[in-house]
Amino acid sequence: MPKLFFTPVGVNCDVESNTKILAAANRSKVSMRFGCASCRCGTCAVKISAPENLSPMKSDEKNLLERMKLDLDGTVRLACQARIMQSEVTVDLNFQDSYSPDQGDD
Ligand code: FES
2 MPKLFFTPVG VNCDVESNTK ILAAANRSKV SMRFGCASCR CGTCAVKISA
52 PENLSPMKSD EKNLLERMKL DLDGTVRLAC QARIMQSEVT VDLNFQDSYS
102 PDQGDD
């Protein structure tokens, strides 16, 4: 069963494969910033330790991250879109303090 570790809060959880990061956080009562939950606002971006263990990024997620000028290498994902598929992933919530969902809007 895949595992998520939320830092810096220090919460571990086992989840079913194909679970969205945001859903896992909510079930584990981990406080995470989010808004639309549907890939529109960019509020839920988090830093990821092992992108290869997550579902591939779809074009709408990539386009939103690109608009926000965030990394597109898979190490930054939208928690409302990325699903853990296998093994372990660490989710760095401190990253949410490093950007504004409005950045990139000119
Ligand atoms: S909560 Fe709006 S993009 Fe994820």
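Going by my numbering, the first residue of the sequence shown is number 2, and it counts up by one from there. Glycine included, each C-beta is placed from N, C-alpha and C at the ideal position.
By the 10 Å Cβ neighbour count, where 16 or more other Cβ atoms means buried, how is L73 classified, buried or exposed?
-> exposed
Kindly examine the ligand FES and report whether one of its heavy atoms sits closer than 6 Å to the Cβ of L79.
-> yes
Just reading off the beta strand (DSSP E) that K48 is part of, what are its end residues?
-> 46-49
What are the boundary residues of the beta strand (DSSP E) that includes L5?
-> 4-8
For the ligand FES, is there a heavy atom less than 6 Å away from the beta-carbon of A1?
-> The chain is shown only over 2 to 107; residue 1 falls outside these bounds and no answer can be derived.
Take the Cβ of K21 as the centre, count every other Cβ of all protein chains shown within 10 Å, and call the residue buried at 16 or more, exposed below.
-> buried
Within 10 angstroms of the Cβ of N54, are there 16 or more other Cβ atoms? Answer buried if so, exposed if not.
-> buried
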